[in-house]
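Engineer: Input: one structure, supplied below.
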Amino acid sequence: MTDPNIDSDTHEPTQNAAPEPAQEPIQEEAQPEGIATRCGFVTVLGAPNAGKSSLVNALVGTKVSIVSPKVQTTRTRVTGILALDGDQIVFVDTPGIFKTAKRPLEQSMLDRAWQEANDGDRLMLVIDAAPRQLSEDVEHIIERLSQEGRKATLVLNKVDLVTPDKLLPLAERLNETGLFEHTFMVSAKTGSGLAELEAHLRAGLAPGPWLFPEDEVTDLPNRLLASEITREKLFLRLHQELPYNLTVETEAWQVGKDGSIRVEQVVYVTRANHKGIVLGKGGSAIKHVGAAARRELQDLFGRQVHLFLFVKVRENWMNDPERYRQMGLTLRS
């Protein structure tokens, strides 16, 4: 009988598996040969649902950050690396910034976003151009950047949803703040305006060696990337507040002799009744999530993946410093 806590794979578990090898730091020979190199970090800020993650994915040319229609999908720092000719841009996708944090997790996400804003070489503020007026969260970001005397590149996203007669007044109003050195109007969905934005960011890079190999698109460890993909599928499957009360951790990662990967993950929820919702009737919900996550992982890693999901209750995980450390966050004392 199949354990309803597991999205079981039809294949037998891989035997004599080896642990995932540690990533090696970039070597001298990994630098492009015969051309001058430039490199820099671009921190991507924005309110929840501004389309930051979609924009980073579009600029990098592949998916490095999870996306969903729900706000606050991104919880921690995610990098997307674009390498082109002699240039390397390291985009740092941050959690969406909102005015007031109601929970410890939200506060930790805010802390991380503002920390990255202070650490990056350049700032890029992404604003959803579709709403009729700026949200309270956007106003808060602008106010704080003004107080700190920061400059940024303004990116108005989702312009495919806005007519020019509404877009231009918005751009004028934002530029009146004096915060923005340049303004770009783009659509991460259609690709409109991305070439111009990319050219601008490349032109501002400082001479220097690359920090990552040419074929690397993110510095997220494979375990964490796999956890994020499964969490995205849970966000897309579940509704209301439940996605914000769960987390996913990859507890085992083994590469078999045939090259396939066995991944074991635990979905932690805060209440016993939440466990039943995640599992679904007869395990249907978790099976759907597992199948979707497995397909994407196989596409990502280019090999067969055996994904096993377990759902467990950990009532206090949102106040557990170790859980925050797993996400790259710090729980305030």
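Residue numbers (the numbering used here): 22 to 354.
The beta carbon of each residue, even a glycine, is placed where N, CA and C say it ideally should be.
Small disclaimer: the values here were computed from a predicted structure and weren't measured.
1) Would you say the segment 158-170 touches the segment 77-88, given that touching needs at least three Cβ pairs under 8 Å?
2) Mind checking E49: buried by the 16 CB within 10 Å criterion, or exposed?
3) Going by DSSP, which residues form a beta bridge with H327?
4) Assuming F329 and E270 are in contact, meaning their beta carbons sit under 8 Å apart, how far apart are those beta carbons, in whole angstroms?
5) Considering only residues of the same chain and omitting the five flanking positions on each side of R192, which have a CB-CB separation below 8 Å?
6) With respect to the alpha helix (DSSP H) encompassing M130, which residues constitute its N-terminal and C-terminal limits?
7) What residue range does the beta strand (DSSP E) around A273 cover?
8) Locate the beta strand (DSSP E) running through E202, then write down its first and last residues.
9) Following a CB-centred definition, is L318 positioned closer than 7 Å to any heavy atom of the ligand MN?
10) Tell me which residues share the same chain as R96 and place their Cβ nearer than 8 Å to its Cβ, disregarding the 5 neighbours each side in the sequence.
11) Using three-state DSSP, classify G82 as helix, strand or coil.
12) What residues are listed by DSSP as bridge partners for M145?
13) Here's the rule: buried if 16 or more other CB atoms are within 10 angstroms of the residue's CB, otherwise exposed. What is G229?
14) Helix, strand or coil for N337 per DSSP?
15) The alpha helix (DSSP H) spanning G297 covers which residue range?
16) For a minimum of 4 consecutive residues, which ranges assigned as the alpha helix (DSSP H) are wholly contained in the segment 185-247?
17) Which value, in whole angstroms, describes the spacing of the CA atoms of V238 and T268?
Structural biologist: According to the structure data:
1) Here the segment 158-170 makes no contact with the segment 77-88; the two share fewer than three CB pairs at distances below 8 Å.
2) Only weak support exists for where E49 lies, its pLDDT of 48 falling under 50; the value from the coordinates is given anyway. Exposed, because fewer than 16 other Cβ atoms sit within 10 Å of the Cβ of E49.
3) DSSP, once it has assigned bridges, lists R283 as partnering H327.
4) Not a contact, Cβ separation roughly 13 Å.
5) According to the sequence shown, residue 192 is Ala rather than Arg. Same-chain partners within the cutoff: L175, L177, T204 and M206.
6) From DSSP, the alpha helix (DSSP H) with M130 extends over P125 to D140.
7) For A273, the uninterrupted beta strand (DSSP E) segment begins and ends at L267 to V276.
8) Taken as a continuous stretch (DSSP letters only), the beta strand (DSSP E) holding E202 covers F201 to M206.
9) Because no ligand of any kind appears in the structure shown, any question about the ligand MN cannot be addressed here.
10) Same-chain partners within the cutoff: P116, L126, M130, M348 and L350.
11) Residue state, collapsed to three classes: coil.
12) Looking at the DSSP assignment, M145 forms a beta bridge with V65 and T174.
13) Flag for G229 reads exposed.
14) Residue state, collapsed to three classes: coil.
15) Where G297 is concerned, the enclosing alpha helix (DSSP H) stretches over A293 to L300.
16) Listed in chain order, they are 185-196 and 215-224.
17) V238 and T268: Cα-Cα distance of roughly 24 Å.
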